[in-house]
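Last residue of the sequence shown? That's 576 in the working numbering, and every number before it is there in order.
Glycine residues also receive a C-beta, built at the ideal position from the N, C-alpha and C atoms.
In this text the structure is predicted, and so the values were computed from the model without any measurement.
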Amino acid sequence: MNKTFIRRRKSNCIYVGNIPIGGDYPISVQSMTNTDTVNVEQTVNQINMLKFNGADIIRISIPNMDAAESFKKIRSSTKNIPLVADIHFDYRIALKVAEYGVDCIRINPGNIGNIRRIKTLIDCAKYYNIPIRIGVNSGSLEHRFKNKYNKAVSAEALFESVMRQVNIFDKLNFSYFKVSVKSSDVLTTIKAYQLVAKSIDQPLHVGVTETGTTRIGITKSAIGIGLLLMMGIGDTIRVSLTTNPIEEVKVAFDILRSLHLRYRGINFITCPTCARQEFDVISTANNLEKKLNDIITPINISIIGCIVNGLGEALRSDIGIVGGRKNSSLYINGIRQPNKIKNNNIVDYLELVIRSKTNTYIK
Ligand code: SF4
C-alpha cells in the first residue's frame, strides 16, 4: 500500500478508552448510534455492528436521565468499545454517565450552561480521567456570537465560540480535551478548523455536519474532511450522513484510503464502462462489493471492461480482471494466470480468488 506524503499538524494526545487521538497515532474513525438509547438491545447491536465495520469510537446521545440509566447497561455489554456520551443542555447527565464508565464526554458550548456547571463537569472529568470534546456546531452556535456577526454563522463566529470555551477550560486548568468546529457549509467548516488548528495544541475531531442526503453528504464530507486532512488537520474523523451509520464508517475509510492515511478492506478500481466493455462491469463490481463487505484486509482489486485500461490497472493491483471477448484475463500480483475466466462466471470466480487471498470464507 502507498504511503502518504501528508504532514500532520502536531497535536497533543488524548485517549478515548484505549484509542489514542492526536500525536502521530492513526486517524481514528468515529460514528454515532441512531437508535433510541433507552432501547438497550438495539443500541448494543448497533454499537457492535459499527465496531464490526471498523468504527474505532462510537458516540451515543444521552438526552435524559432514563438514557443515562440505559447507558449503564449498554456499558456493561460493550466493555472494550470506546464510547462517547453526547450531552446537551443538562450537565448532570454527563456526571451520571461518567460514573457509569463513559470514555469521553462531548459538550456543546451553545447549550451546556454557565461556568459553575462547566467547572463541575471538568472536576468530574479530572476525577475519572476522561477527556471532553468541545463540539461547536453551526446549528447550535451561541447567541452571543451569532449576534456579534449579524446572525451569520461564519467561520470566525464558530472559532470564537470554541475559543471562549477553550479559555474557560484553561482557567480551570484542564487541557485533556479535543475540539470540533463543524458547519453544514463545507468552506465555513474548513476555514473554522484552520483558525482553530493555529490556535490550540489539542487534537481535532473533524467533520462536516448536517450534510444532507446520502449522495450530497458523501460529496461534502469527502471535500471538507479530505481537504482538511490534506492540510494535515484532523486526528479523528466522523462522516455525518443521513442514513445507516455503518455507511459513515465505510465512507470515512474510503476518505482515509484515498489519502493513503489508513487502509481497511477492498479498494475497487473499476472503469466507468463504455461500448468497448466486454462484460457487465457495473453489476460485477456492485455484486462483489456487496458479497465481500466482510473483508477487512487491505487489497486492491481492479475490474476493468477491456484491454484499453485493463492491463495497466491489473499489473498494479493485487487482483485484476481485464475484459476479453467471452473470456476475461485474471492477474494476481501482476502475473497473468494461465486460465481465462468465462465472462458469465466472473463474480463467483473472483469471489473465490479474493477470499482465498484474504483468508476469508463465503458467508
Ligand atoms: S477500460 Fe475499456 S471498457 Fe472501460 S471505459 Fe475504458 S475503454 Fe471503456
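- At least one heavy atom of ligand 1 lies less than 7 Å from the C-beta of Gly523.
- Of the residues Gln550, Val349, Arg475 and Ser374, the one whose Cα lies closest to the Cα of Asn215 is Arg475.
- Between the C-alpha atoms of Met443 and Tyr238 there is a straight-line separation of about 16 Å.
- Checking the 7 Å criterion, the Cβ of Ile517 is within range of a heavy atom belonging to ligand 1.
- Three or more Cβ pairs closer than 8 Å define a contact, and the region 294-310 meets that threshold against the region 271-283.
- Approximately 6 Å separates the beta-carbon atoms of Ile227 and Tyr389; this is inside 8 Å, confirming the contact.
- Residue Ile260 holds the alpha-carbon nearest to the alpha-carbon of Thr250 among Ile260, Asn363, Ile512 and Thr497.
- The continuous alpha helix (DSSP H) containing Thr432 extends over residues Thr427 to Met443.
- Residue burial annotation: Thr426 is exposed, with fewer than 16 other C-beta atoms found within 10 angstroms of its C-beta.
- Taking a 10 Å sphere around the C-beta of Ala338, we find 16 or more other C-beta atoms and assign the residue as buried.
- Put simply, the backbone Cα of Lys503 is about 11 Å away from that of Val560.
- The beta carbon of Arg538 sits no closer than 7 Å to any heavy atom of ligand 1.
- Distances from the CA of Ile508 to each of Thr483, Thr573 and Ser530 were compared; the closest alpha carbon is that of Thr573.
- Not a single heavy atom of ligand 1 lies less than 7 Å from the C-beta of Cys226.
- Inclusion of Asn225 and Gln415 in the CB contact set at 8 Å is warranted, their separation being smaller than that value.
- Taking the C-beta atoms as reference points, Asp269 is found nearer than 8 Å to Val242.
- Of all alpha-carbon atoms in Ile482, Ile287 and His418, the one lying nearest the alpha-carbon of Ser453 is that of His418.
- Taken through DSSP and simplified to helix, strand or coil, Thr246 comes out as coil.
- Annotation: Tyr362 is outside any beta strand (DSSP E) and is labelled neither H nor E by DSSP.
- The beta carbon of Val297 sits closer than 8 Å to those of Val229, Gln243, Ile270, Ile271, Arg272, Ile273, Val315, Asp316, Cys317, Ile318, Arg319 and Arg346, all from its chain and outside the five residues before and after it, given in chain order.
- DSSP, reduced to helix, strand and coil, places Ile559 within a helical segment of the structure shown.
- Using a Cβ distance threshold of 8 Å, Ile517 and Cys484 count as a contacting pair.
- A Cβ-Cβ contact shorter than 8 Å links Thr401 with Ser367.
- When DSSP reads this structure, Arg222 sits in no beta bridge, so it has no partner.
- Under the DSSP assignment, Tyr389 falls outside any beta strand (DSSP E); it carries neither an H nor an E label.
- Taking every protein chain shown into account, the CB of Gly430 has 16 or more other CB atoms within 10 angstroms, so this residue is buried.
- The Cβ atoms of Ser541 and Glu491 sit closer than 8 Å to each other.
- In its chain, beyond the 5 residues on either side, Phe481, Thr483 and Ile516 have a beta carbon closer than 8 Å to the beta carbon of Ala498.
- Taking the Cα positions, Lys332 is about 28 Å away from Gln407.
- DSSP links Asp299 through a beta bridge to Ser274 and Arg319.
- In the DSSP assignment, Leu505 falls outside any beta strand (DSSP E) and carries neither an H nor an E.
- By the Cβ-count criterion, Asn363 is exposed, with fewer than 16 other Cβ atoms from all chains shown falling within 10 Å of its own Cβ.
- By the C-beta density criterion, Pro295 is buried, having at least 16 other C-beta atoms within 10 angstroms.
- Of the heavy atoms belonging to ligand 1, none sits nearer than 7 Å to the Cβ of Arg428.
- With respect to the 8 Å criterion, Leu354 and Leu371 are classified as neighbours on the basis of their beta carbons.
- Exclusion of the five residues before and after Gln550 leaves Leu543 as the residues of its chain whose Cβ lies within less than 6 Å of its Cβ.
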